[in-house]
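Here's the structure we're looking at; comments come further down.
Numbering (this note's numbering), first residue to last: 2 to 118.
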């Protein structure tokens, strides 16, 4: 779980290595409810083994919940190199949530928050 700001929101990252897919779910401070974001995409940079790669997670619409691109709690992206990855360091480039924009948020996967250096 990755805290945004002082923990008023969180991002849960889910990796499906078989599909080469990374998903990000935006949650509230209590980790109980999904929180919709107006972001259309979120860039994530991943560092593993001395190499940095990027993946763009795009907003996912869900007709069952009424979520649309620009008003959703789910972002996902695919990259072939994610198939060979199970742990890495990363940074969420920029994500808007309820009037705040969070930038350059570091994390470890699995694990979550990465202490500031």
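Just so it is clear, CB atoms sit at the ideal spot from N, CA and C, and this is done for glycine as well.
Keep in mind the model is a prediction, meaning the values are calculated, not measured.
The DSSP-derived three-state label of residue 83 is helix.
CA-CA distance, residue 70 to residue 43, rounds to 12 Å. Contact between residue 37 and residue 74 holds, with the beta-carbon distance rounding to 5 Å and staying under 8 Å. Just measuring C-alpha positions, the residue of 40, 84, 23 and 13 sitting nearest residue 33 is 13. Rounded to the nearest whole angstrom, the CA to CA distance from residue 103 to residue 76 is 15 Å. Across the structure, residue 65 and residue 59 are spaced so that their CA atoms are roughly 18 Å apart.
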